[in-house]
């Protein structure tokens, strides 16, 4: 039995969303609102509130990185989401191991299992957020987490998923099923 | 040890994405590229290829619906993704139970655990896709899948996640962990 409501308070907590870490300059911000945008050219998008320090940095910088992390990083992700780069240097404060991106000015998290280096293409306002669109220039990936067909092996990666108001979880590898399109 | 590549063929299969069904007029299309866009006003977005019949319909129609479905629906989702509303009436062909949305011209899937009715606001071109942005007008939800705080109960819902090239999986409810932001 379906009910209806026009109370939108929790409208974005209806499905689990993977959390990425957007890095730019020396800062890191978790983002649950993100998606691929285009295949050719390869474009990636994330929604950034203009209240965030990351937004200020993105106005100035030419690029950024998107870091994909595991469920084990949930405590760090929660801390990164509750602090601002205006107040602290998060990399130093949380002792985060990173290495520099090659084509943009952004740190790549050493514990990420994959990351994109992106050239900033657009920063378009929609409602109370800005859609950041970047062109993927370079992909970093941990070769040990891929299976023979070069897809992520679900037995080796527990991606972090967010399900609303501080609730994090991950995938169940035993649920994997293949349904061919044809 | 991280490797790098500029081969973007599978760049969007690095993290699991929930799959929604976008319904408009009498058609349904699976979309793995989607995200909330704004809280106030409540905006929701999905990427639509101009090759899709859904794109043609969206050019004409004023609204659409976003249906959230369970992992059990993966075989149907795979079929919906491999057929076109140009060739068949998917609702009839696959015997899909739906009921009409209240504020827009779109079917709501009876087996969805939640759905948004959206007024079309934008259809913006980015690369080889169009970003469809809709204003959420009404939320449908199955009250039995919510827990006491009105969030989705992970023990009652197995949301469908897509992990690339025909691989579907779901969440592991036992992995749920709470990390307070403060």
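Chains as they are written, first to last, in our numbering: chain B, -5 to 176; chain R, -5 to 176. Don't be surprised by glycine CBs; every beta carbon is placed ideally from N, CA and C.
#1: Grouping DSSP H, G and I as helix and E and B as strand, with all else coil, what is residue 8(R)?
#2: Quick one: residues in its chain with C-beta nearer than 6 Å to the C-beta of residue 150(B), no 5 flanking neighbours on either side, listed in chain order?
#3: Mind checking which residues open and close the beta strand (DSSP E) that includes residue 33(B)?
#4: Hey, is residue 9(R)'s beta-carbon within less than 8 Å of any beta-carbon in chain B?
#5: Find out if the Cβ-Cβ distance for the pair residue 137(R), residue 64(B) is shorter than 8 Å.
#6: Can you tell me which of the three DSSP states residue 76(B) falls into?
#7: Name the chain R residues that come within less than 9 Å of residue 17(B), Cβ to Cβ?
#8: With distance defined between alpha-carbon atoms, name the residue in 3(R), 144(R), 86(R) nearest to residue 22(R).
#9: How would you list, in chain order, the residues of chain B whose beta-carbon sits under 9 Å from the beta-carbon of residue 165(R)?
#10: Just to confirm before moving on: does the CB-CB distance between residue 133(B) and residue -2(R) stay below 8 Å?
#11: Measuring only the C-alpha atoms, how far is residue 161(R) from residue 131(R)?
#12: To the nearest angstrom, how far is it from the Cα of residue 79(B) to the Cα of residue 1(R)?
#13: For residue 160(R), which residues in chain B fall below 8 Å Cβ to Cβ?
#14: Measuring alpha carbon to alpha carbon, tell me which residue in 72(R), 167(R), 124(R), 108(R) is nearest residue 34(B).
#15: Sorted by chain position, which residues of the same chain lie with C-beta nearer than 8 Å to residue 96(R)'s C-beta, five sequence neighbours on each side aside?
#16: Among 56(B), 15(B), 169(B), which has the Cα closest to the Cα of residue 41(B)?
On the basis of the coordinates in this document:
#1: Here residue 8(R) sits in coil by DSSP.
#2: Cβ within range, chain order: 139.
#3: Counting along the chain, no beta strand (DSSP E) covers residue 33(B), and no H or E run does either.
#4: So, interface residue.
#5: In this structure, residue 64(B) does not lie closer than 8 Å to residue 137(R) by Cβ.
#6: Note: residue 76(B) maps to helix in three-state DSSP.
#7: Simply none; closest approach about 14 Å.
#8: For residue 22(R), the nearest C-alpha among the options comes from 86(R).
#9: In chain order: 10, 155, 157, 163, 164, 165, 166, 169.
#10: The Cβ atoms of residue 133(B) and residue -2(R) sit closer than 8 Å to each other.
#11: Here the alpha carbons of residue 131(R) and residue 161(R) stand approximately 32 Å from one another.
#12: Note on geometry: alpha-carbon atoms of residue 79(B) and residue 1(R) lie some 33 Å from one another.
#13: Neighbours of residue 160(R) on chain B, chain order: 172, 173, 174, 175.
#14: Selected option, being the one with the closest Cα: 124(R).
#15: These residues qualify, in order along the chain: 111, 132.
#16: For the residues 56(B), 15(B), 169(B), the minimum Cα distance to residue 41(B) belongs to 15(B).
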